[in-house]
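Just remember that our numbering sits 3 ahead of the position in the sequence shown, which is counted from 1.
Notes follow the structure.
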Amino acid sequence: MLTSTTSSSPGGARAPQRLAACAMRAALLATATALTVTLGCSTPSATSASDGSHPPSQAQAPATTSATALPSPATAAPPAQTPTGVASTADPAAAAAPTGEATAPPPAVQAPAEAPLPDVKVTNIGMHIGGGPHDAVTKAPIKLSVEPHFDDLRRCWTHVDDPKKGGDFGVDLRIEREGGKAQVTKPRTALKGEGFSACVVGVFEKIDFRKPRGGTTVVSYSIRFAP
């Protein structure tokens, strides 16, 4: 019989052990095959993550952000425009002139030339100091004060009616002890002409007299006009 033969043979006791070993090998092969299939079906992102590389989404994030921050040419702000009327009101000559070039100053306005002096000579013909003395030293401050104004007295000659006829002119002068402007009184002359007498008196009134030697002085002063 078969049953009795198998159980009685020396190798019959090892048959169950061989079957168990084959079963273990088959189980290990099945497990390895399942792992291989599982690894082959995993996603690229998971595989790259397992290898230690950064996910593509994180590496590309800055590029996406910078790209979206730039405005498109259609939405960019238009360039600033020059205000209307500025170019038309600007001086073309000023715009063309170099910035470093200095502007030339305007020419100085010249005063009108004075009229030539009349052809007449003025001299002092009398100086009488009230109460004296009548020496040259006492008269010197008065003489030196009036003589610089002889040309002003000559200009008054344009007011006489007959410039070819000479004549004399006298005034009384009161000069204070400190000097300065004198009080002019009693103008006298035979010369005729509108404004002539007032012109001569005006010249004496503007003279700044030196300090008299004898204090306050009253003097009769006379001049001669000789064409």
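For each residue, glycine too, the CB sits at the ideal point set by N, CA and C.
Rank the options by C-alpha distance to the C-alpha of residue i and give the top, closest one.
| i | options | result |
| --- | --- | --- |
| Ala139 | Met27, Arg28, Arg216, Pro119 | Arg216 |
| Ser118 | Leu32, Asp155, Pro151 | The sequence given here places Ala at residue 118; Ser does not occur at that position. Measuring from the Cα of Ala118, the nearest candidate turns out to be Asp155. |
| Thr161 | Val187, Ile226, Ser200, Lys214 | Ser200 |
| Lys167 | Ile210, Lys195, Arg213 | Lys195 |
| Cys202 | Cys159, Ala193, Gly218 | Cys159 |
| Pro136 | Gly218, Leu31, Ala30, Ala29 | Gly218 |
Output yes or no for whether 9 Å exceeds the beta carbon distance between residue i and residue j.
| i | j | result |
| --- | --- | --- |
| Val206 | Arg191 | no |
| Phe153 | Val187 | no |
| Arg227 | Asp171 | yes |
| Arg180 | Val221 | no |
| Gly133 | Tyr224 | no |
| Phe212 | Pro144 | yes |
| Gly169 | Lys214 | no |
| Lys209 | Lys184 | yes |
In the structure shown, what three-state DSSP assignment does residue i receive?
| i | result |
| --- | --- |
| Lys146 | helix |
| Arg28 | helix |
| Arg213 | coil |
| Cys44 | Here the model assigns Cys44 a pLDDT of 48, short of 50, so the residue's position is not dependable, and the following value carries that caveat. In the structure shown, Cys44 sits in coil (DSSP, three-state: anything other than H, G, I, E or B). |
| Val203 | helix |
| Gly137 | Note that residue 137 is His in the sequence shown, not Gly. Three-state result, His137: coil. |
| Ala229 | strand |
| Gly218 | coil |
| Thr71 | Because Thr71 sits at a pLDDT of 45, beneath the cut-off of 50, its placement in the model cannot be relied upon, and the following sentence gives the value as read from the coordinates. Of the three classes helix, strand and coil, the one that applies to Thr71 here is helix, per DSSP. |
| Leu231 | The requested residue 231 does not occur in the structure, where the chain is confined to residues 4 to 230. |
| Pro151 | helix |
| Ser111 | In the sequence on display, residue 111 carries Ala and not Ser. In the structure shown, Ala111 sits in coil (DSSP, three-state: anything other than H, G, I, E or B). |
| Ala33 | helix |
Can you round the beta-carbon distance between residue i and residue j to whole angstroms, since I take them to be within the 8 Å contact cut?
| i | j | result |
| --- | --- | --- |
| Ala229 | Val123 | 7 Å |
| Arg157 | Pro121 | 6 Å |
I want to check one thing, is the minimum distance from the CB of residue i to the heavy atoms of the ligand GDP below 8 Å?
| i | result |
| --- | --- |
| Thr161 | Judged by which ligands are present, the structure shown has none, so any question about the ligand GDP falls away. |
Based on DSSP bridge pairs, tell me the residues matched to residue i.
| i | result |
| --- | --- |
| Asp175 | Thr188, Ser223 |
| Thr161 | Thr161 is not bridged to any residue. |
| Gly129 | Ser225 |
| Gly183 | Phe212 |
| Lys124 | Ala229 |
| Gly170 | Phe228 |
Using a Cβ-Cβ cut-off of 9 Å, state whether residue i counts as contacting chain D.
| i | result |
| --- | --- |
| Ala229 | Protein chains in the displayed structure number just one, and chain D is not present. |
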